[in-house]
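Novice: The structure is given below, and queries will be raised subsequently.
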Amino acid sequence: MPDPISPSEPPPAPNDALSAIIGLRPFLAGRTLSALSAQVLAVAVAWQTYALTHSVAALGLIGLAQFLPMLALVFISGHVADRYNRKRIVQICQVIEIIGAFGMALLTFTGQLAPWALYVLVACFGALRSFEGPCQQTFLPSLATPAQFPKAAALSASLFQTASIIGPSLGGLLYGLGADFCYLTCAIGFSVALISTSLLKLRPYAGSRSPMSIESLFGGIAFLRRRRDLLGAISLDLFAVLLGGATAMLPVYADDILHLGPIGLGILRASPAIGALLGSLFLARYPLKSHAGPIMFASVGIFGIATIVFGVSHSLTLSVLSLAVLGAADVVSVVVRGALTQLATPDGMRGRVSAVNMLFIGSSNQLGEFESGMLATAIGTEAAVVAGGIGTLIVAGLWIRMFPRLWALDRLDTIRPDET
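Each residue of the sequence shown is one higher than the one before, starting from 28 at the first, in my numbering.
Dropping the structure here:
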């Protein structure tokens, strides 16, 4: 008979316990610090762009500058992620991010950072993320088992949202000391993220040895065509956030509608993250056990309604509450999409599928900023936000009919790569 467990020894961790995941801490630290730095950078770039141009269209162009490099490099970056050392690629990208943030600080300090230079530098960061993102997304499924993944993904999302809460407020405060101080802080944050990535220990991954070809480049697209539930989850997020891109207009709401300063902008930017943090903490404690598909669609509907409420609000309290609800609803889609993307994809294909996923995310965020800026220029800021929320509701209804397997999705912890 096996020896009984000694009373002085802790009981063995259950197979889904986060404490059993080796390497989880440096992964979470690196991702959180990188996200914190990116949030501070976003506040500084948005406020500095609007301060230099006082143009809503210029805010839209910032989003376009981030999206175009991702669009151009998406298939190459996915192939690179599946062929070479993923951890080394992330480290290289983070080194260049450190140099770029420091360069932005120096140019701002010397008064040489013109709007066109901001577009160029933001485009460079977009190119780096096109390589860093697909590799980084493969880290967690390499560390966690399918049983551990939903909780680990929710914890990762909660820390990401914590950084998203602190980052905008910190960015608003630091911007009061100067944009150059914001960019210098970002350089330090990216440096610590690099150290955390270097400490990360992943399961060995040999990488694909097949030469680059049309078939290998577009392997992620071919896989998504077979997994229509995964295609539906990614594309639903694309169109919902693309149409409901209220966050792109936050500088306008802070300055012209609600009459707030940089700190007020930080509060508005932090509001969706506060809601998302509460939602992700709830999911970490109570992961989705069943009915994942219907819950995901319901959250997208709530996202659209909250966008409409924010669009018509002239009250800081109502604006903050609607943005918080928007963020809480969005995190449900993030968790479901992340589980499908990583658990349903074979390891040798994860880089390419993650690259396509990053393209869709980039489309919904950066291209959504461009769409919102152009639409706001044409019909007005408030009308553009309300129209986006209505469009989100329409898309959710259409996707239920177009992707019935996604609607029927039940348990996330039963997803396996060999499903077709």
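Glycine included, every Cβ here is placed at the ideal spot set by N, Cα and C.
1. Quick check: the Cα distance between leucine 269 and arginine 364, rounded to an integer number of angstroms?
2. Please go through the same chain and pick out, in chain order, the residues whose beta-carbon is closer than 7 Å to the beta-carbon of alanine 311, but skip the five residues on each side of it.
3. DSSP three-state label for arginine 254, please.
4. Should the segment 325-343 be regarded as contacting the segment 407-426, the criterion being three or more beta carbon pairs within less than 8 Å?
5. May I ask you to report which of helix, strand or coil DSSP gives asparagine 112?
6. Report the rounded CA-to-CA distance for leucine 436 versus arginine 428, giving the unit in angstroms.
7. Quick one: what's got a C-beta closer than 7 Å to isoleucine 193's C-beta in the same chain, skipping five residues either side?
8. In this structure, does DSSP put histidine 106 in helix, strand or coil?
9. Quick check on serine 317: does DSSP put it in helix, strand or coil?
10. Sorted by chain position, which residues of the same chain lie with C-beta nearer than 6 Å to phenylalanine 397's C-beta, five sequence neighbours on each side aside?
11. Grab the span of the alpha helix (DSSP H) containing arginine 364 for me, first residue to last.
12. What do you get for valine 380, buried or exposed, if any count of 16 or more other CB atoms within 10 angstroms of its CB means buried?
13. Count the other C-beta atoms from every protein chain shown that fall within 10 angstroms of the C-beta of alanine 171, then say buried if there are 16 or more, exposed otherwise.
14. Helix, strand or coil for leucine 433 per DSSP?
15. Okay, do the segment 204-214 and the segment 312-326 touch, 3+ Cβ pairs below 8 Å being the bar?
16. When DSSP labels each residue in this structure, what does proline 177 get in the three-state scheme?
17. Tell me whether the beta-carbon of glutamate 159 lies closer than 8 Å to the beta-carbon of valine 117.
18. Can you tell me the Cα-Cα spacing of proline 431 and isoleucine 284, whole angstroms?
19. Return helix, strand or coil for glycine 407, following the three-state DSSP convention.
20. Whose CA, out of Gln75, Ile261, Ile335, Ser349, lies closest to the CA of valine 149?
21. Cα separation between leucine 98 and glycine 203?
22. Rounded to a whole number of angstroms, what is the C-alpha to C-alpha distance between leucine 433 and phenylalanine 94?
23. I believe glycine 50 touches leucine 229 by the beta-carbon criterion, under 8 Å. Please report the beta-carbon distance rounded to the nearest angstrom.
24. Count the other C-beta atoms from every protein chain shown that fall within 10 angstroms of the C-beta of arginine 156, then say buried if there are 16 or more, exposed otherwise.
25. Below 8 Å CB to CB, which residues in the same chain sit around leucine 420 once its five sequence neighbours on both sides are set aside?
26. Run through DSSP, which three-state label would threonine 137 get?
27. Which two residues bound the contiguous alpha helix (DSSP H) that contains isoleucine 215?
28. With DSSP collapsed to three states, give me the class of proline 168.
29. May I ask you to report which of helix, strand or coil DSSP gives proline 373?
30. Where does the unbroken alpha helix (DSSP H) through glycine 302 begin, and where does it stop?
31. What would DSSP say about isoleucine 48, mapped onto helix, strand or coil?
32. Could you tell me the distance, in whole angstroms, from the CA atom of histidine 81 to the CA atom of serine 196?
33. Buried or exposed: where does glycine 415 fall if 16 or more other Cβ atoms within 10 Å of its Cβ makes it buried?
34. Looking only at its own chain, which residues have a Cβ that is under 6 Å from the Cβ of arginine 377, when we skip the five neighbours before and after it?
35. Leaving out five residues on either side along the sequence, give the residues of the same chain with a beta carbon under 6 Å from the beta carbon of alanine 297.
36. Do you know offhand how far leucine 277's Cα is from alanine 71's?
Specialist: In terms of the structure at hand:
1. 16 Å
2. Lys178, Ala181, Leu182, Ser185
3. coil
4. Of all C-beta pairs linking the segment 325-343 to the segment 407-426, three or more are shorter than 8 Å, placing the two stretches in contact.
5. coil
6. 14 Å
7. Leu63
8. Helix.
9. coil
10. Gly87, Gly90, Leu91
11. 343-370
12. Its Cβ being crowded by 16 or more others within 10 Å, valine 380 is buried.
13. buried
14. helix
15. no
16. helix
17. yes
18. 41 Å
19. coil
20. Residue Gln75 is the option with its Cα nearest to valine 149.
21. 34 Å
22. Rounded to the nearest angstrom, the two C-alpha atoms are 27 Å apart.
23. 7 Å
24. Under the 10 Å beta carbon count, arginine 156 is surrounded by 16 or more other beta carbons and is classified as buried.
25. Gly328, Gly331, Ile332
26. coil
27. 206-226
28. helix
29. Note: proline 373 maps to coil in three-state DSSP.
30. First-last of the alpha helix (DSSP H) with glycine 302: 289-312.
31. coil
32. 22 Å
33. Glycine 415 comes out buried.
34. Thr165
35. Ile192, Pro195, Ser196.
36. 13 Å
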